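Using full-length UniProt numbering, you'd call the opening residue of the sequence shown number 1 and step up by one each time.
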Amino acid sequence: MGAAWRHHPSWGLVEHAEDVLGQSLAPFLLSENDVPESTRDIQVSVFLTSMMAWEALRSVLGSPIVFLGHSLGQISALTAAGVLTFDDGIRLVARRGDVTDEVCRSQDAGMAAVLGLGHDHAVWACGAAPGECWVANDNAPGQIVLAGTGTGLCRVEERARELGARKVIKLAIPGAFHTPLMLAAQDPFAAHLRDLSLGEPSRPVVSNIDARPVVDGGVWAQLLTEHLISPVRWRTSQLLLEDLGVRSLVEVGHGTTLTGIARRTVPACDTHNVDGPAAVTAVAAELAATVAPLTGRRER
C-alpha cells in the first residue's frame, strides 16, 4: 500500500520507523498483497502511508483549521498536529496493534458495513443481540459499521434487513473494534500512554468519541484509551467541519474511502486525496488556504 512513496524523500520515515521499532517494515508497504496479514502490521502500514503523505504535503499546504482522523487515523492526526512526536506515534500504533491483536485472537468477532440504514435504526438492529453487537462507526448518512461476536452479527444482520438495510457486507476485520469487546486491550494500552509526553496541538484535533475539537493535548491519554471501546462518530465529526468554516478537505494516506464518505456527508466541501507523490503538486494547486486533513481509513 506504500509502494508509490518508495523513491520519494518521505520514504525516510519508513527507514526511521524501522530503526525505532527494530523491525523491517518495507516488505509490508511494498508487497503486492494490498493488506498485510497481522493486525499490528496493518496498523503500522496505514499509519506510515498517512504520515508519508502528510510529510510530502505539509510544505506546500496552507495552515489547516483542524485535524481529523478516523479510528487508527486518530493517532495519525495527533502526530500531524504535533501532540505526538513521530517516534511516539509509531510506537503507540505498534502497541495498539499488539494489544488489539491479542484480543482479536481470543474472540470470534468481526465487523460488518450496513448500507441504507440510519444510525437510530442500526442501534435498534443491535437490540437483536444485546451485549454482543454494537454500532462501531457512524460514517455517513446510510453508512454504518457494526461490530460484535460472530453469532451476534448474524442475528443483527437479519434484523437490519428487516428494518430496511439495502446491503450488509462482512468486513475482513478479525475483531470488534470500538466496542466493549476490546475492553481487555485498554489497560496495557493505557500503561503505554502514561509513558508518553503529549504536546499541545498546532491546531485542534477532533475527537472520534464526541465529535468535538480538542485543544488540550494533555487529555488525549484518556481519550485514546476510551477510543478503543467507543464508537467512531465520523458523520457528526464531518458536520462539525462546516460549523468551523472548513470548505476544503484533504484525505492523506492509502485509499479514497474517507473522501467518498465526505462527499456524501458534507457535499458543499471540496474534497481532495493524496495517496502518492503524483497527487501532492496537483492537490496543493487546487486547495484554498483553508484545509482540514483527514487521516486514516475506515477501520484499523
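We put the CB at the ideal spot given by N, CA and C, even for glycine. Since this is a predicted model, take the numbers as computed values, not measurements.
{"Check": "Provide the residue(s) that pair with H272 in DSSP beta bridges, ordered along the chain.", "Outcome": "V250"}
{"Check": "Beta carbon of S45, beta carbon of F28: below 8 Å?", "Outcome": "yes"}
{"Check": "Please name the residue in R194, H119, P64 whose C-alpha comes closest to that of V219.", "Outcome": "R194"}
{"Check": "Suppose the cutoff is 6 Å on Cβ atoms and the five residues either side in sequence are ignored; what does the same chain contact list for V93 look like?", "Outcome": "Q43, V44, F47, I75"}
{"Check": "With 8 Å set as the bound, which would you pick, yes or no: does the beta-carbon of F177 sit closer than that to a beta-carbon of chain C?", "Outcome": "The structure shown has no chain C; it contains just one protein chain."}
{"Check": "Could you give the distance in angstroms between the alpha-carbon of I173 and the alpha-carbon of F86?", "Outcome": "26 Å"}
{"Check": "Helix, strand or coil for I42 per DSSP?", "Outcome": "helix"}
{"Check": "Assign G116 to one of three DSSP states: helix, strand, or coil.", "Outcome": "coil"}
{"Check": "Quick one: which unbroken alpha helix (DSSP H) runs of 4-plus residues sit fully inside the segment 122-163? Chain order, please.", "Outcome": "150-162"}
{"Check": "Using 8 Å as the cut-off, can you tell me whether the segment 226-236 makes contact with the segment 16-28, which would need three or more C-beta pairs spanning the two stretches below that distance?", "Outcome": "no"}
{"Check": "Does the count of Cβ pairs from the segment 100-117 and the segment 134-147 closer than 8 Å reach three?", "Outcome": "yes"}
{"Check": "Count the C-beta pairs between the segment 239-254 and the segment 267-283 that are closer than 8 Å, then say yes if the count reaches three, no if not.", "Outcome": "yes"}
{"Check": "Assuming H254 contacts T49 (C-beta within less than 8 Å), just tell me the rounded distance between them.", "Outcome": "4 Å"}
{"Check": "Please confirm whether L231 and N139 have their CB atoms less than 8 Å apart.", "Outcome": "Note that residue 231 is Pro in the sequence shown, not Leu. Against a cut-off of 8 Å, the Cβ pair of N139 and P231 comes out as no contact."}
{"Check": "Taking all protein chains shown into account, do 16 or more other C-beta atoms lie within 10 angstroms of the C-beta of R40, making it buried, or fewer, making it exposed?", "Outcome": "buried"}
{"Check": "Looking at the structure shown, is G110 part of a helix, part of a strand, or coil, going by DSSP?", "Outcome": "strand"}
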